[in-house]
Every structure is written in C-alpha cells, then in structure tokens.
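Step one of this worksheet: look at the structure below.
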Amino acid sequence: MAINKAPGMLVALLASGLMICIYAGPSAAQSAQDQSMQDRIRALQQQMDELSRQLNQVKQEQQAQAAQQAAVPAPVVPVPAAPAPGGKAPSAPESRFDQFVKGFFGTFDMSLDDTTKGIDQKSAFPWSYVNPLNPASGLVAGPNKGTATGRVGWIPAISSNGSNIGYRGTHRIGNSDTDFIYQISTGLNMAAAPGLQDTWTKSSNTVVGAVGLGDTYIGFKGQSWGSVKIGTMYSGYKTSTDRLNPFGSTLGNYNAIVGNSGGDNRVEFGQRFDHIIQYQSPVWSGVRFEAMVSPSQNVNYNNVTIPLGSSDCSGSNAPGSGNLPENCDDGAFGDAYGIDVEYETGGLYLTAAYEMHRSTNRNSDGIGANSPYYNYLLATNSPLLDFAEWNAWAAENPGEAAQGSPPYLNDVYNEYAFKYGGQYRFPFGFVVDALYEHMFRKVPADMEWQNERERPDTWIALEQDLADGRDVLAVGWAHAFKTNGDPSGQHNFNALLASEGDYVANMYTFLYRHRLDKQLTFYFNGAATINDGNAHYDIGAGGHGIKTDCHDGTNTVFQDFSSSGPTTWGGCHDMGFTTGVDYKF
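Residue numbers for the sequence shown follow the working numbering, beginning at 5 and rising by one.
The structure is reproduced here in structure tokens:
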C-alpha cells in the first residue's frame, strides 16, 4: 500500500510549501512572523527528507522482490512430440463421452418398390381319384375354382429394410484380460408406425420398433479363448455365409430360396433365435468356429405352445397364424443347436455350417390340403389324422367345419440342414460367391408324400467393384431342386405335377450400388422368381421389409381348421424392382 501512496504525499507537501512562500510577503507588518515561518519551513524540510528516505527504501524493496521472481524458473509447458517422418501426430486420449458415443450403431434403409405376384389365375382345379378309396384308380379334375382375389399385378410400395439402431460396449473386468460385452438393438420400421407384425399372410406378436428386435445379448470375451454370448441373435449358420450374399436387404436376397424350406416368407434356417447361447473361437491360422444351442423352453413335448419367456412360437409366428387353430403347429420346434467353421486367407474364404431343429411340429400341414391322397386318408379314417381334436371342434362349429379338415396327429419330426460355401476376391475387384445347401425333414415312409421340407439348393453370385470401389455391379442365381413331396395347400394344387415331382424354382437378380460417401449408399435392384409346377417361392424373404409372395388377397377374419385365409397359388412368377438409400453409422 505504501508503494502507491508515497508519491502522492510528496506532491502534497511540495504544494503546501509553495503556497506558504507565495503568501509570505516582505512587508514590515509581517517581519515579526518571519522567525515563526522559517521554523515551519524547517519542519517541512525535515518531513520531506523523511519522505524521500521512505521512498528510496520502497524502491529498494521493489527491486529485491523483482530479483527474487526472476530467480524462480518459469513453469514448463508440455510441447507435443513431433510426428515421425511419414507418421501421424499422437492424439489426445479420448474423453469418456467420446468413448460412450462410439458405442452407437445403426442402419437407415428405405426404398421405393414396384412388384407383381405373377399369378396364373386359370389353373385352379380340384383333383380327386376316380375311386376316392383307391389311390391307384387314376386322377380326375373338377371345374375351375375361380380366379385370384384382390390385386395380384404390379403394386408400388415404400419399404423399410432392416433399419435398426443399437448400442454396444465392453467393460474390462478388474486387472484380468477378460471383457464383459453387451449389445442392445432395436428394429425400426421407418415407413410406418411401430406395432405388431400382423398381416393377412402372417401373424406375429413381436413389435417392430421395440428394444430387443435385433441381436441383443450380454457375454464375456477374451483374446486367448474367444467369446460367449447369451441373448437373442442370429446363429452362425446364417452369418457364416452373409458375405456371399451382396443382395442383403433388397428383393434379391438369396433367402428367397437358401434356408427357406417352405417357399414362403419365413426363412427356417436363417432366423434370429430367442434364448440362445453362442460361442465364437479366436482365429487360429485363419480358422475360426462357432457353436450355439437354444433350449426349447416349452412345456410340451410336441412344442405346440409358446416357449417360456417368448412372445411367438419358435417357428417365428403367432399361434393361429394363417387361419389355423390357436397352436404352435406350423413349424414350431424344440431344442436347436448348430456349428459352423470358417477359413480365410488372402482373397479366399471357405465355410461349412450345420443346424438342427428338434421335434418340429407341422401338424397343421393337413388343414386345408387339396391333395387327393389326403382326401383318401380322410375318407378311410386314417390314424395319421387327428380326428379327436377335429370332431370336438366340428361339434361346436358345424358351419365352419364344412370347409375345414383335420390336422395331422403327430407330424412332429427333426429338421436339419447343412451347407458349404466359398468366396474368392481377385485383386482387380472381381468376386465369385458360391454355395450348396441341403435341408432335411426325417419323416416315416407313410408321411413322405407331403414332405416339402427336404431338398437341396444352390447359389452363385458374381460381383465387380468399379471406380475404386465406389460402384458395385452384381448378379445372382438361386436354384431350388425338387422336393420329396407337397402338403398341397395351394389353391391351384396340380396333382399331375405332384406325381411328376415338378417343384423346382429359380430366382434371378441383379444389383447396382453407388457409394456416395463412406456411410451413404444408393442402390437399384431387380429380382424375379420363376416357380415351376406347384412351387411357391417369393422375393424379398430374409432381408427386405415388404415381401412379394404367391398369396392372393383372400382375407378371412376368423381362425379355424380351414386354412382359408392367405390363399397360395403355385407356379407364380414373382417379379419386382427396388431403389433406395442405405445409411450406416
């Protein structure tokens, strides 16, 4: 404080002295006061000398303080290390917020579609034996049953295709080398409001737009031993060959035939499992394997009810879907397990996979059958049919029973599949994909006539990267070989073709993709499935939001033993085009 006030005090004293000198005149009247004035000036001079001494002391203290501050070294400011020649400068550590945000992922995919079912409306005839009690008596056709119901030609649509958003992360457990891993995922329908997947061809209790409609799990992972996950997710049987299918979310997805044992919208060997445990090994010299098990969680041996903890039957639909009884008897299965092996080196990728669905219940395949042989079983009270359940229902519903028919009594057998696949990527961007698959349903000889679930299929695709990978052209061909039999649920079931085993189908597709940037892609795709005879495979199954199948618009509002809801037409020629954008983050 003295440092700031000393100069001011000196100025004040000098001003006072000046004023005294001005007003001290040389007149005789004031001579008596001279001595007194000189005394005051002398006192003032002493005060000024003292003040000057204090001022000099303050200056010396300031100089000493400045010298001490100069002797203290300045704090060292870290200087970023210079990058090595040709390298990158080291980045600052990520904040917790940045690490958190990186866990989010998702896909927004929407398209404009134009598709047609290609139904032949002149081929619906009822068939019977000349002698209904003698299958060897020959076949006879009745009058045409009529044309298809509703719109079966070209229909434009807006489709949301595999859109989702999710979050994944890891947590290191203490000082170990093991991580706790987790993921949650939400399926999104970006073209319509969220709700139950309930259409005239399929009913499901799962909600599009809910957390868990996507691979959702928790688990543990270690670099030396691999990972174990528990939750709901796709099995390795599907994911091991995903890279062989460049048509993923388009109409040309190979799951219209590959993994699709029934030829409809469901992909039996390519579905997402509830309550699944899956192990994935580390990569050893290019080799990796996966193994999974999904317990039945069903209180019945024939899996006719919804598994504990699930919202749907294990066959991916709701009880009663397709105007059937309120049971899980349209493909529901018990325990499931599988394994796959993958090998990759350079541009070569090879894989083999196997999956088993135990005790798959297909009792409803008898309901609404149009086969003369089924009518023979009905007329002879065959023990293969469930007359007890049927007669009890018919007694309460005699009017509806007139157009219905009994289910099978015990059409519950194991279904399994295996496939081999490979991919080779040439240095100039040309890719070849190939796959062979065989699906099985082990039924006894007296049920083989209606076994449509057992057959082989093949897939071939060619891809070419252009413009440094910004553009991709691809073509694909899937072929379904003939099946062992047919439950004959088609409205236009042709018994003559059934005896010839003409059930083959071919799906042809092409794709153009243009990468607008690292995350956004534009695509254009066309696909056509040519079904021969009684075959009824679709386009879009397994990936595209809106499927185009061989069902017409028949829509009844009750559930019974008639299977009269979604009428299927064999031999349809599904065709369509789709164009859209796909954004990933």
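Glycine is no exception: its CB is placed at the ideal position from the N, C-alpha and C atoms.
Inter-residue CB distance, residue i and residue j (contact presumed, cutoff 8 Å)
i: Trp463; j: Leu248; result: 7 Å
i: Arg459; j: Thr487; result: 5 Å
i: Leu200; j: Ser208; result: 7 Å
i: Thr558; j: Thr153; result: 5 Å
i: Ala478; j: Leu466; result: 7 Å
i: Gly170; j: Phe109; result: 6 Å
i: Met443; j: Gly122; result: Contact flag wrong, Cβ pair sits at about 25 Å.
Range covered by the beta strand (DSSP E) that runs through residue i
i: Asp118; result: Phe108 to Thr120
i: Thr513; result: Ala509 to Arg519
i: Val476; result: Asp475 to Ala484
i: Leu466; result: Arg459 to Leu470
i: Phe434; result: Phe434 to Arg445
i: Asp183; result: Thr182 to Gly191
i: Tyr420; result: Val416 to Arg429
i: Ala196; result: No beta strand (DSSP E) holds Ala196; DSSP gives it neither H nor E.
i: Asn379; result: From DSSP, Asn379 is part of no beta strand (DSSP E) but of the alpha helix (DSSP H) over Pro376 to Ala383.
i: Ala161; result: Ile159 to Ser164
i: Ile169; result: Asn168 to Arg176
Candidates the options, of which the one nearest residue i by Cα
i: Asn538; options: Gly267, Pro286 and Ser325; result: Gly267
i: Gln301; options: Glu294, Ala145, Asn165 and Ser318; result: Ser318
i: Gly166; options: Gly122, Asp113, Gln125 and Ala128; result: Asp113
i: Gln427; options: Ser244, Asp542 and Leu352; result: Leu352
i: Asn264; options: Lys522, Met511, Gln523 and Gly580; result: Met511
i: Asp333; options: Thr558, Tyr412, Ser99 and Arg46; result: Tyr412
i: Ser386; options: Cys576, Asp450 and Asp586; result: Asp450
i: Thr245; options: Asp102, Gln50, Lys588 and Glu346; result: Glu346
i: Pro136; options: Leu381, Phe422, Ala509 and Ala545; result: Leu381
i: Thr582; options: Leu328, Leu515 and Arg270; result: Leu515
i: Gln271; options: His279, Val287, Thr151 and Tyr241; result: A small correction: the amino acid at residue 271 is Val; Gln does not occupy that position in the sequence shown. Ranking His279, Val287, Thr151 and Tyr241 by Cα distance to Val271 puts Tyr241 first.
i: Ser409; options: Phe430, Ile371 and Thr384; result: Ile371
i: Phe430; options: Phe422, Asn321 and Leu470; result: Leu470
i: Gln187; options: Lys106, Gly122, Asp521 and Gly338; result: Lys106
i: His577; options: Gly549, Ile177, Ala509 and Tyr587; result: Ala509
i: Thr120; options: Phe589, Thr174 and Lys551; result: Lys551
i: Lys446; options: Glu456, Gly274, Glu419 and Leu439; result: Glu419
i: Ser141; options: Phe432, Pro147 and Trp131; result: Trp131
i: Phe497; options: Glu65, Leu143 and Gln67; result: Leu143
i: Lys225; options: Tyr507, Arg176, Ser127 and Thr151; result: Arg176
i: Ala531; options: Asn193, Asp344, Ala545 and Thr243; result: Ala545
Contact test: residue i Cβ vs the ligand SAH heavy atom, cutoff 7 Å
i: Val144; result: The model on display carries no ligand, and the ligand SAH is accordingly not part of it.
Beta-carbon proximity list for residue i, same chain, < 7 Å, skipping 5 on both sides
i: Thr572; result: Gly493, Gln494, His495, His540, Cys554 and His555
i: Asn306; result: Ser363, Asn365 and Val416
i: Trp453; result: Tyr377 and Gly489
i: Glu348; result: Gly290
i: Gly173; result: Gly107 and Tyr186
i: Ala373; result: Ser409, Pro491, Ser492 and Gly493
Residues near residue i in its chain [Cβ-Cβ closer than 6 Å; skip 5 each side]
i: Ala32; result: Low local confidence applies: a pLDDT of 41 at Ala32 is under 50, so the model's placement there is unreliable, and no value is given.
i: Ala16; result: Reliability of the predicted coordinates at Ala16 is poor, the pLDDT of 42 falling under 50, and the value obtained from them is presented with this limitation in mind. Around Ala16: no qualifying Cβ.
i: Ala1; result: Absent from the structure is residue 1, since the part of the chain shown begins at 5 and ends at 589.
i: Arg292; result: Ser285 and Glu346
i: Val585; result: Phe526
i: Val435; result: Arg429 and Glu467
i: Ala398; result: Ala405
i: Asn331; result: Val308 and Pro323
i: Arg474; result: Arg519
i: Cys25; result: Because Cys25 sits at a pLDDT of 40, beneath the cut-off of 50, its placement in the model cannot be relied upon, and the following sentence gives the value as read from the coordinates. Cβ neighbours of Cys25 beyond the five flanking positions: none.
i: Ser320; result: Arg270 and Gln275
i: Ser670; result: With the chain represented from 5 up to 589, any question about residue 670 goes unanswered, as that position is not in the structure.
i: Ile534; result: Asn510 and His577
i: Glu294; result: Gly240, Gln284 and Asp344
i: Lys233; result: Tyr221, Gly223 and Gln282
Opening and closing residue of the alpha helix (DSSP H) in which residue i lies
i: Pro402; result: Pro402 to Ala405
i: Leu354; result: Leu354 -> not in any alpha helix (DSSP H); beta strand (DSSP E) instead, spanning Leu352 to Asn365.
i: Val345; result: Val345 -> not in any alpha helix (DSSP H); beta strand (DSSP E) instead, spanning Ala340 to Thr349.
i: Pro329; result: Taken as a continuous stretch (DSSP letters only), Pro329 belongs to no alpha helix (DSSP H), as it is neither H nor E.
i: Gln103; result: Arg100 to Val105
i: Tyr133; result: Looking at the DSSP string, Tyr133 is not in any alpha helix (DSSP H); the run it does join, the beta strand (DSSP E), is Trp131 to Tyr133.
Cβ shell of residue i (< 8 Å), same chain only, five flanking positions each side left out
i: Gly547; result: Asn165, Gly166, Phe251, Gly252, Ser253, Thr254, Asn257 and Asn259
i: Phe277; result: Thr236, Met237, Tyr238, Ser239, Met296, Ser298 and Ala340
i: Glu400; result: none
i: Trp158; result: Asp118, Thr119 and Thr120
i: Gly313; result: Asp278, His279 and Gln301
i: Gly230; result: Tyr283, Gln284, Ser285 and Pro286
i: Asn529; result: Phe251, Thr254, Leu255, Gly256, Thr513, Phe514, Leu515, Tyr516, Phe581, Thr582 and Thr583
TODO: Would you mind listing the beta strand (DSSP E) stretches within the segment 198-279 that are 3+ residues and don't spill past its ends, in chain order?
DONE: Runs found: 199-202, 207-212, 220-226 and 230-238.
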